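Engineer: Just so we're aligned: 29 in the UniProt record's numbering is position 29 of the sequence shown, and the numbers increase by one with no gaps anywhere.
Don't be surprised by glycine CBs; every beta carbon is placed ideally from N, CA and C.
These numbers were taken from a predicted model, which means no experiment stands behind them.
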Amino acid sequence: MSTQADHGHELIPRPEQTPDALRTALAVVDPGRLDEMQATKDDAFAKAVEWQTLSPVRSWVLTWARDIEIARRPDLSSRFARARSKLEHEDPAMAQEALRELRAVLDEAMKAVRG
């Protein structure tokens, strides 16, 4: 795992983008999603074989690196949770703002893991 601390408090260092490192990190920051991670990994590897391309595996790695980035950073995690809780708000403007915030969090996390 790398030792980047450029966003204030982080629960764990940013993991390397390998299946084992991502699984180890997820076990710390969001262990309830381990079964989901394994299922999506199995699917990505099956598609990679079927399609004869590594793009499903690359997508899997980036998706989980992004989700772990959110979970390991309390600032992003709290913004993500707040936005998700308002997605179905009765006020359409509030729901739209929540959608924008959710997209901003996902974009920030993806940018961080892509370096």
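What three-state label does DSSP hand R73 in the structure shown?
Structural biologist: Here residue 73 corresponds to residue number 73 of the sequence shown, with the count starting at 1. In this structure, R73 counts as coil in the three-state DSSP scheme.
Engineer: Starting from K86, trace the alpha helix (DSSP H) in both directions and tell me its first and last residue.
Structural biologist: Within the sequence shown, residue 86 is the residue found at index 86, counting from 1. No alpha helix (DSSP H) holds K86; DSSP gives it neither H nor E.
Engineer: If we count the other Cβ atoms within 10 Å of its Cβ and call it buried at 16 or more, is A44 buried or exposed?
Structural biologist: Working through the sequence shown from its first residue, we reach residue 44 at position 44. Buried is the call here.
Engineer: Evaluate P15 with the Cβ neighbour count: other Cβ atoms within 10 Å of its Cβ, from every protein chain shown; 16 or more gives buried, anything less gives exposed.
Structural biologist: In the sequence shown, the residue the question calls residue 15 occupies position 15. With 16 or more Cβ atoms within 10 Å of its Cβ, P15 is classed as buried.
Engineer: Pick from V49, W51, W60 and V28: whose alpha carbon is nearest that of A39?
Structural biologist: Taking the sequence shown and counting its residues from 1, the one referred to as residue 39 is at position 39. When only C-alpha atoms are compared, the closest one is W60.
Engineer: Within a Cβ cutoff of 7 Å, which residues of the same chain sit near I70, ignoring the five residues on either side of it in sequence?
Structural biologist: Within the sequence shown, the letter at position 70 stands for residue 70. Within the same chain, I70 has close Cβ partners L76, S77, F80, V105 and A109.
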